[in-house]
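A quick write-up on the structure given underneath.
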Amino acid sequence: MLEPNFSPFPELTTERLLLRELAISDAPAIQPLRGNIDVMRYINRPLTLTVEDAEKWIGIVVDSLVKNEGITWCICLKEAPLEHIGTIGLWRIEKENYRAEIGYMLAPSLQGKGIMYEAIKKVVDYGFKEMKLHSIEGRIDPRNVASGMLLEKCGFVKEAHFKEAYYMRGSFTDTAVYSILTPYREAINTEEPAMESSAVL
Ligand SMILES: CC(C)(COP(=O)(O)OP(=O)(O)OC[C@H]1O[C@@H](n2cnc3c(N)ncnc32)[C@H](O)[C@@H]1OP(=O)(O)O)[C@@H](O)C(=O)NCCC(=O)NCCS
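Using our numbering, read the sequence shown as starting at 1 and increasing by one per residue.
This is the structure in structure tokens:
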């Protein structure tokens, strides 16, 4: 069984980016992003309308981190390490399947510059190399062409299309599932029994 441990927080860097832990002081920058209907159009979460709501959201993220149930990084440009420009995370961790889901969003003014490509490549490598995941999935609304093409550019493959699988803001929407497998095949101890005997039922 996978046993993720996010303590100490794994800060990551790429050529242009610093991926660091979220702080409560990021709330004023997160609110306009998670409150922006264009950014949130294909994300099945309520809009974050106040800084207090953003603080609550950070609280949920921190709680999940402390319990080793998921991890969210604050994306910053290296030259401005305190300025939140987006988020990326691995969550819905299925410990028994060594699998997790990736999620991400970026400030509109910085989109189209290859930033999320850089962030995803790093986070996926962390997920496989350090967390020992075997697969990572991305679930998107198929109308989110940018996100689908981004995942494919990062090596994800479209594996499924579920019709009207999500109820979002008053209507049923389709979901496409993309996935990528670990290149580090030796990472998992295959001698381990697949399931605890008590879990058979
Ligand atoms: C999707 C999103 C994260 C893309 O981030 P980004 O930093 O602008 O993406 P990148 O510049 O790294 O683009 C990498 C690749 O993604 C694809 N892509 C990105 N934006 C695209 C767009 N508007 N249209 C089509 N393809 C796009 C392209 O394949 C691109 O490669 P290319 O530049 O060689 O053509 C960003 O648009 C976003 O935050 N959207 C709102 C939130 C969201 O939808 N999150 C995902 C929920 S599942």
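Where a beta carbon is used, it is the ideal one built from N, C-alpha and C, also for glycine.
Bridge-paired residues (DSSP) for residue i
i    : result
E137 : E101 and S179
T173 : Y166
T87  : C74 and M105
Cβ-heavy atom distance, residue i to ligand 1, below 7 Å
i    : result
G89  : no
Y178 : no
V39  : yes
N44  : no
N144 : yes
Coarse secondary structure for residue i, derived from DSSP in three states
i    : result
R20  : strand
S64  : helix
E3   : coil
R185 : helix
E69  : coil
R92  : strand
I30  : helix
I43  : coil
L12  : strand
G59  : helix
Short Cβ contact (8 Å threshold) for residue i with residue j
i    : j    : result
S179 : E152 : no
P8   : N68  : no
T213 : L133 : The displayed coordinates of the chain run from 1 to 201. Any statement about residue 213 would go beyond what the structure contains.
I75  : L17  : yes
A119 : I140 : no
Q31  : T50  : yes
V39  : M105 : yes
C154 : Y184 : no
**Asked** Counting only runs that start and end within the stretch 118–164, where is the beta strand (DSSP E) found for 3 or more residues in a row?
**Response** 135–140
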